[in-house]
Amino acid sequence: MKKITYVFLFLTLNLASQEVEPYNLMVNSDISYISYEGKHILHDWIGINNKIKGVMVIENGAPNKIAVSVSVKDFDSGNSGRDSHALELIESLIHPKISFFSDEFNQIDENINLSGKINFHGIEKQISVNGKINKDEFISFKGDFVLSPSDFDVKLPSFMFSKMEDNIKIKYELFFEKK
């Protein structure tokens, strides 16, 4: 009986001490998006990008790292002239991607805060992003934040002698799943 107890205790402690292997979840770009809202005194517009690449690392059952990248040419505002001009201003041939990386997750229930680095127009800045995380069929991460293009040395476009607003609202909804 003592032998069985020791074997049981050994197996229990051994199983309890094993950590779950980290695993990756990939962005499902069929249902994910990142958008920006541009504003000018004469009109507002939204540019949407559905061609998102990204990975979320899960360790011990919780998100631990996230990396997301988009090509600037894939944002579509519904106006090809505006999109073409935007690509010129952000020098998309020199800086074709926008990327974000974070390994600082603070989660309370479904609310999550990520502190990480965004790289846009060749400039890297530390930002904090708040969102909500849902762990149903996918792990989804949804929220918004504001960026100033001038913080990244992007020349603001103008129309009728008036520049667009310097703050653009970034919205996102990213769905991560095992591939």
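Start counting the sequence shown at 65; every next residue gets the next number (the numbering used here). The beta-carbon is built from N, C-alpha and C at its ideal position, and this holds for glycine as well.
Anyone know if the C-beta pair for residue i and residue j falls short of 9 Å?
i	j	result
M179	S192	Inspection of the sequence shows that residue 179 is occupied by Ser rather than by Met. Yes.
K103	S135	no
G207	K189	no
N114	S96	yes
A131	P221	no
I116	S226	no
D147	H185	no
M90	K219	no
Residue i: which of the options sits nearest, CA to CA?
i	options	result
G111	G125, G207 and Y236	Y236
L211	G142, S99 and I95	S99
F205	N231, E229 and F240	F240
S214	N198, I187, W109 and L238	I187
W109	I234, K199 and K242	I234
N88	I203, H185 and V218	I203
F169	K242, I158, I232 and N194	N194
H107	S141, D94 and P86	S141
If you follow the alpha helix (DSSP H) that residue i is part of, which residue opens it and which one closes it?
i	result
S141	Neither: S141 is in no alpha helix (DSSP H) and is coded neither H nor E.
If I follow the unbroken beta strand (DSSP E) through residue i, where does it start and stop?
i	result
N92	Counting along the chain, N92 falls outside any beta strand (DSSP E), and DSSP gives it neither H nor E.
K233	I232 to E241
>> Quick test of the definition: if touching needs 3 or more C-beta pairs under 8 Å, does the region 109-126 touch the region 152-160?
In response: With a cut-off of 8 Å, the region 152-160 and the region 109-126 do not count as touching, because too few Cβ pairs lie within range.
> Three or more beta-carbon pairs under 8 Å between the region 170-189 and the region 123-139, yes or no?
Replying inline: Enough Cβ pairs lie closer than 8 Å, so yes.
> Residue ranges of each beta strand (DSSP E) run of no fewer than 3 residues wholly in the region 178-222, ordered along the chain?
Replying inline: Here the runs fully enclosed are 187-199 and 203-211.
> Mind pulling the alpha helix (DSSP H) runs of 4 or more residues that sit fully within the region 104-172?
Replying inline: With a minimum length of 4 residues, the continuous alpha helix (DSSP H) runs that stay inside the region 104-172 are 144-153.
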